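Which chain is which? The protein sequence lines are E and P, in order. Going by our numbering, the first sequence opens with residue 172, and the numbers climb by one from there. Going by our numbering, the second sequence opens with residue 210, and the numbers climb by one from there. Worksheet: the structure to be examined is printed underneath.
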Amino acid sequence: GAGVSQSPSNKVTEKGKDVELRCDPISGHTALYWYRQSLGQGLEFLIYFQGNSAPDKSGLPSDRFSAERTGGSVSTLTIQRTQQEDSAVYLCASSLAPGGGTDTQYFGPGTRLTVL
Amino acid sequence: AQRVTQPEKLLSVFKGAPVELKCNYSYSGSPELFWYVQYSRQRLQLLLRHISRESIKGFTADLNKGETSFHLKKPFAQEEDSAMYYCALSEVKGGSYIPTFGRGTSLIVHP
């Protein structure tokens, strides 16, 4: 079956513009995660969805970042008024159920965001 | 707060040599620990997790609670092992899943 997909694969935008990143999880996966991967910074956890609900949004770097998930499937990560420090690869992952050692996350290919 | 430390950004070895990628964690509860791997131009994927006590592609990792470590080891490295390796810890708290990844170690295996 299809894995996690993300679009666009690459996005170049100008500082101050808004961008929307999309994630299509594996069908049937109830949990969905967003991460940011910056050079030399590893993976930074942003937000997690269980169904359409995000129990903890504290990982979002600022109030310019928001995310939603509808129908328990597709999720969008929106960054408003982008800044150069937002440049990174944004990864999405999904899993059957949240948390614990019984759960495996499956990652998408990522969206490379470049803010000029 | 939980934290995962991978002290080496880069580890370079020759084919056939043993390899150990270090991971230390700080966490007050019982940790769930994982190793993820990202090969060149491929997606990040799970390599192994401590509760499975499995060996994948010749790699093993043992949880040492006394030293709060979860080092990844392989006795004889192969060129195809060259990749970025991330140690991760997950904690389920109040119904929320909070994962923490280390900064990663780039492993290069020379022929």
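The beta-carbon is built from N, C-alpha and C at its ideal position, and this holds for glycine as well. Computed from a predicted model, the values in this text were never measured in an experiment.
Kindly identify the DSSP beta-bridge partner or partners of residue 206 (chain E). E:216 and E:262
On the DSSP letters alone, give me the boundaries of the beta strand (DSSP E) that residue 236 (chain P) sits inside. For residue 236 (chain P), there is no enclosing beta strand (DSSP E), as DSSP marks it with neither H nor E.
Quick check on the DSSP output: the beta strand (DSSP E) that includes residue 181 (chain E) runs from which residue to which? 181–184
Residues of chain P with a CB under 7 Å from the CB of residue 199 (chain E): which are they? The contacting residues do not exist; residue 199 (chain E) stays about 17 Å from chain P at best.
For residue 226 (chain E) and residue 254 (chain E), I'd like the C-alpha separation in whole angstroms. 26 Å
Could you pull the start and end residues of the beta strand (DSSP E) that residue 282 (chain E) belongs to? 282–286
Is there a Cβ of chain P sitting closer than 8 Å to that of residue 236 (chain E), yes or no? The C-beta of residue 236 (chain E) comes no closer than 8 Å to any C-beta of chain P.
Which of the three DSSP states, helix, strand or coil, is assigned to residue 198 (chain E)? coil
Straight-line gap, residue 221 (chain E) to residue 224 (chain P) (C-alpha atoms, nearest Å): 43 Å
Return yes when the Cβ of residue 312 (chain P) is within less than 8 Å of the Cβ of residue 213 (chain E), no when it is not. yes
Between the C-alpha atoms of residue 286 (chain P) and residue 257 (chain P), what's the straight-line distance to the nearest angstrom? 17 Å
For the beta strand (DSSP E) that contains residue 249 (chain E), what are its first and last residues? 246–250
Can you tell me where the beta strand (DSSP E) with residue 280 (chain P) in it begins and where it stops? Counting along the chain, residue 280 (chain P) falls outside any beta strand (DSSP E), and DSSP gives it neither H nor E.
Looking at C-alpha atoms only, which residue of P:265, P:291 and P:276 is the closest neighbour of residue 231 (chain P)? P:276
Just to make sure I have the definition right: I need the residues of chain E whose C-beta is within less than 7 Å of the C-beta of residue 254 (chain P). Which are they? 278
What does the Cβ neighbour count give for residue 206 (chain E), buried or exposed, with the cut at 16 atoms within 10 Å? buried
For residue 212 (chain E), which residues in chain P fall below 8 Å Cβ to Cβ? Chain P residues near residue 212 (chain E): 312.
Helix, strand or coil, according to DSSP, for residue 221 (chain E) in the structure here? strand
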